[in-house]
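Structure first, then comments.
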Amino acid sequence: MSLRPSAHTGTPPPSPGAPIFPASAQLVPAAAQKPRPGKHKYKSSLGHVERASPTPVPAFLRPRLVGGSWLDWPWKKRWARPALLLAGLVFLLYKLRSPTDGMSEQKTHSQRALQPWSRAPLPTEPAWADAGTEEEQERERRQVFGQPGEGVDEDPDTDELSVPAPLPGMRGATPATPAHTRAQEELEEHFWLPNGLLAVNPYGRHPIYDLVRQAEEEWAEKLRTQSRTLEQAVGEYRRRYGRKPPRGFDKWWTYVERHKVQLRDEYDQILADLHMFYAYTPRSLRRLQALTRTTPATYTLSSSPAQGRINLATANLADGSEREIGMIRSRAQLDMLRGFGEVWKDDVSGEETSVDREIVAATGEWEATFGAGDAPMEFADWELYNERRVRARAGQTMDVFKHGDMSYFGWGGACPNSSPLRHSPPAAPPLPLPAPHPKTFIYSHRESMNPCTHPALVHTVGFLSGHFDRGPGPQEVHRLLFGMCKTEGLHGDVLTVASEMWTEDVGRDPGWVNKTDERVVWRGSNTGILADEHTPWKASHRVRLISMLTERSGVQPVLLPAGKDEPVGQAVDRKSSWLNTVLADTAFTREPLQCDKKQCEEMREMFEWRGLLTQTQQNEYKYVLDVDGNGWSARFKRLITTRAMLLKATIFPEWYMDRIQPWVHYVPIKMDFSDLYDVLTFFRGDVARGGEGNHDDMARKIGEAGRNWSLTMFRKEDMVAYQWRLFLEYGRLVSEDRENMNFDY
1 MSLRPSAHTG TPPPSPGAPI FPASAQLVPA AAQKPRPGKH KYKSSLGHVE
51 RASPTPVPAF LRPRLVGGSW LDWPWKKRWA RPALLLAGLV FLLYKLRSPT
101 DGMSEQKTHS QRALQPWSRA PLPTEPAWAD AGTEEEQERE RRQVFGQPGE
151 GVDEDPDTDE LSVPAPLPGM RGATPATPAH TRAQEELEEH FWLPNGLLAV
201 NPYGRHPIYD LVRQAEEEWA EKLRTQSRTL EQAVGEYRRR YGRKPPRGFD
251 KWWTYVERHK VQLRDEYDQI LADLHMFYAY TPRSLRRLQA LTRTTPATYT
301 LSSSPAQGRI NLATANLADG SEREIGMIRS RAQLDMLRGF GEVWKDDVSG
351 EETSVDREIV AATGEWEATF GAGDAPMEFA DWELYNERRV RARAGQTMDV
401 FKHGDMSYFG WGGACPNSSP LRHSPPAAPP LPLPAPHPKT FIYSHRESMN
451 PCTHPALVHT VGFLSGHFDR GPGPQEVHRL LFGMCKTEGL HGDVLTVASE
501 MWTEDVGRDP GWVNKTDERV VWRGSNTGIL ADEHTPWKAS HRVRLISMLT
551 ERSGVQPVLL PAGKDEPVGQ AVDRKSSWLN TVLADTAFTR EPLQCDKKQC
601 EEMREMFEWR GLLTQTQQNE YKYVLDVDGN GWSARFKRLI TTRAMLLKAT
651 IFPEWYMDRI QPWVHYVPIK MDFSDLYDVL TFFRGDVARG GEGNHDDMAR
701 KIGEAGRNWS LTMFRKEDMV AYQWRLFLEY GRLVSEDREN MNFDY
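The sequence shown begins at 1 in full-length UniProt numbering and counts up by one.
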């Protein structure tokens, strides 16, 4: 028998300091365990979904289950003393013939660092030992690696995986056993955790190889299985959501065919946002809408069957910048719902028609209220939202003004009772953030954004940490509110398309080989949090990013870019000053914003403030970074349209999340940025050795794929198709004739 955790997919990962497996872990026969990740199906409210199951944690990462201590040994048995004497003799003989006998403290440093985890051959001579004298060796080693043990945190604060991990050792040295011994062994799997992260197994190949390969396979399968006919699209809709498509689906399908919209089935986000509102009757939803339209910092659009138009109904906006921005965004929504002015003749009637006319003809009269700001507004309540989902699945209804548990849990109030953020919210971590052990990379960007399973986010993302105490209090009334972004798990806004700053004009953009700067570039303001004496602004994401990438002391543990058939090994310390000089060109621009006078002055002293780059200047860089500000990123469209490789760090899923593939079109980066140096080193190579082991071609391929995706799947027509489909669903939801608002094929 071997110990395995429950296979229940809803079980969250352990919180920091918690045991690896819960007390409820089940004993499962080893024969029943699958050695490699497979596929399993689970049933959600939207139908059957297939997803990868995580790799079972192997024996060497599990806790050792010891039945007793050494004091319990049977010392009085007749065979005990002779056995001990024999063992001592064997050990003595081993030490006498050991090739490492008499090694200096300096040479055995990395061996001790790896024990007792070592299963691979231990290094005996580090590569920097090729220098002529001991003084030169030490000077060279210090220049490249920093002080021994620097940067290794003994008690890391990590919410991804509370398991012990190998300490950073040194790679690139001569193995203590013949090289062919390890080469003949099969590389091991990494650990695909249910929270969207891959935990690195040092005996597997570099994880980015596997992340890219899996992502390419998933993307190819998604493209291959898209519906090609209306009949297929109706069948796929019913398979995914267990109901008929909404009225007007055929007109929508004609539009996506005419405009060659490629991803014709990937609209899961829409019903993921709207489905729980089926727990309310249409009459109740209209009562709720009458209240929602009075919400500050919002505007409301309405349909007019008499005119066949969608118009601005009300704008509940304060004077000044709020009104100015809100009106710009309301016009942008109207532009999309009107198809950016496109008109055509209907194939059947021959009459002139447009997107908004077709939406109104299919849905009738309705109102929809939108948040005017950058950030989400509708804070979730787990108990209430869960009851909505249960009742919606069962076809039952409930009181629209019923509220959930009004106890104060802060951000944890939006999370399941079993989630780490709800039952054991973490304390604020020290700065700079400790390096996670083991190292992790994102494989599911959406799952990695969820603070319920990644509770450290509430301290490291300004939007979350800027709230008083543990987060906001519960809402008495929960509205149906449209927004341009939301957080995974914490907010219930209905995602709509944000077309602000949409562009395909990126200026002069050299091809990959003609770009003159191989560093990653970022320029921006210090937004993301209001910096005053009450907020932890130094821990906010943009401040931490610039602090980390401009640091000139200390070291960073970095995974080196091993070959496809080599184990990645342990992280190696590299001096921050070296890494930041060679890998990054990042800075805040102009002057401090969103801060009180004292904090503004402190920021002004902390950082170098530079001018903005032109598009042409920025396009000379091979790598560009996109990081959240106060909310969603308006620069994403422009950045991914360039030929640079885009690295993106965000907690805000947007409308296109199901329509883009991380590791194919861009590289996802964790919000603690602990994987940033590893990613850059993999593509750039080991900068301490002149870029040895770089994967420049892989980076170029991702950059080109991102640009191609932007030009073919993030067009105006793709945004219109999403909005059209969204409001067909919304119109059916709020219609008094809901049960008959279907498309029958």
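C-beta: ideal position from N, C-alpha, C; glycine also. What you are looking at is a predicted structure, and each value in this text was computed from that prediction instead of being measured.
Helix, strand or coil at residue i according to DSSP, with G and I counted as helix
| i | result |
| --- | --- |
| Ser418 | coil |
| Arg309 | strand |
| Thr496 | coil |
| Asn450 | coil |
| Ile442 | strand |
| Trp192 | strand |
| Ala456 | coil |
| Thr503 | coil |
| Lys701 | helix |
| Gly693 | coil |
| Leu639 | helix |
| Val664 | coil |
| His403 | coil |
| His491 | strand |
Closest residue to residue i among the options (Cα-Cα distance)
| i | options | result |
| --- | --- | --- |
| Val400 | Leu726, Asn630, Asp517 and Leu288 | Leu288 |
| Leu728 | Phe463, Phe743 and Lys716 | Phe743 |
| Ala644 | Gly691, Ala699 and Val687 | Ala699 |
| Lys251 | Ala306, Thr229, Glu236 and Tyr280 | Thr229 |
| Glu476 | Ala380, Glu566, Pro536 and Pro451 | Ala380 |
| Val627 | Glu605, Leu613, Ile669 and Gln617 | Ile669 |
| Arg243 | Ala392, Arg638, Gln599 and Glu591 | Ala392 |
| Phe370 | Arg388, Val343 and Asn316 | Asn316 |
| Ala634 | Arg329, Glu218, Asp210 and Ala456 | Arg329 |
| Arg286 | Val256, Tyr677, Ser418 and Arg479 | Arg479 |
| Ser553 | Leu560, Asn580 and Val679 | Asn580 |
| Asp356 | Ser349, Glu342 and Val348 | Glu342 |
| Lys648 | Asn630, Arg659 and Tyr623 | Tyr623 |
| Pro376 | His454, Asp346, Gly483 and Met501 | Gly483 |
| Glu608 | Tyr209, Ser302 and Leu549 | Leu549 |
| Pro474 | Gly412, Val513, Gly524 and Thr440 | Gly412 |
| residue 752 | Lys598, Arg604 and Val582 | Here the chain covers residues 1 to 745 and nothing more, so residue 752 does not appear. |
| Val360 | Ser303, Leu187, Ala215 and Asp697 | Ser303 |
Under 7 Å between C-beta atoms of residue i and residue j
| i | j | result |
| --- | --- | --- |
| Ala562 | His190 | no |
| Trp522 | Ala531 | no |
| Arg519 | Ala584 | yes |
| Gly528 | Gln615 | no |
| Asp509 | Thr642 | yes |
| Arg638 | Thr516 | no |
| Gly404 | Glu383 | yes |
| Ala313 | Thr300 | yes |
| Thr586 | Arg610 | no |
| residue 754 | Glu266 | A question about residue 754 goes unanswered here, because the residues of the chain that appear run from 1 up to 745. |
| Ser576 | Gln556 | yes |
| residue 833 | Phe682 | A question about residue 833 goes unanswered here, because the residues of the chain that appear run from 1 up to 745. |
| residue 748 | Ser499 | Nothing in the structure corresponds to residue 748, since the chain is present only between 1 and 745. |
| Val200 | Lys402 | no |
| Gln723 | Leu495 | no |
Nearest-angstrom beta carbon gap, residue j and residue i [assumed within contact, 8 Å]
| i | j | result |
| --- | --- | --- |
| Val461 | Gly471 | Contact flag wrong, Cβ pair sits at about 12 Å. |
| Ser424 | Ser540 | About 23 Å; that fails the 8 Å criterion. |
| Cys452 | Cys415 | 4 Å |
| Trp655 | Val497 | 5 Å |
| Glu488 | Pro653 | 6 Å |
| Tyr237 | Pro567 | Actually they are not in contact, since the Cβ atoms of Tyr237 and Pro567 sit about 46 Å apart, beyond 8 Å. |
| Thr397 | Thr281 | 5 Å |
| Gly706 | Leu646 | 5 Å |
| Pro426 | Ala456 | 6 Å |
| Gly631 | Asp374 | 3 Å |
| Ile442 | Leu197 | 6 Å |
| Ser674 | Ala435 | 6 Å |
In DSSP terms, what residue i is bridged to
| i | result |
| --- | --- |
| Lys345 | Glu352 |
| Val627 | Ala649 |
| Cys595 | Ala531 |
| residue 787 | Nothing about residue 787 can be read from this structure; the chain reaches only from 1 to 745. |
| Arg198 | Note that residue 198 is Leu in the sequence shown, not Arg. Answer is Trp192 and Phe441, bridged to Leu198. |
| Gln556 | Arg574 |
| Glu367 | Ser302 |
Contact with chain B by residue i, beta-carbon distance below 7 Å
| i | result |
| --- | --- |
| Trp344 | The structure shown has no chain B; it contains just one protein chain. |
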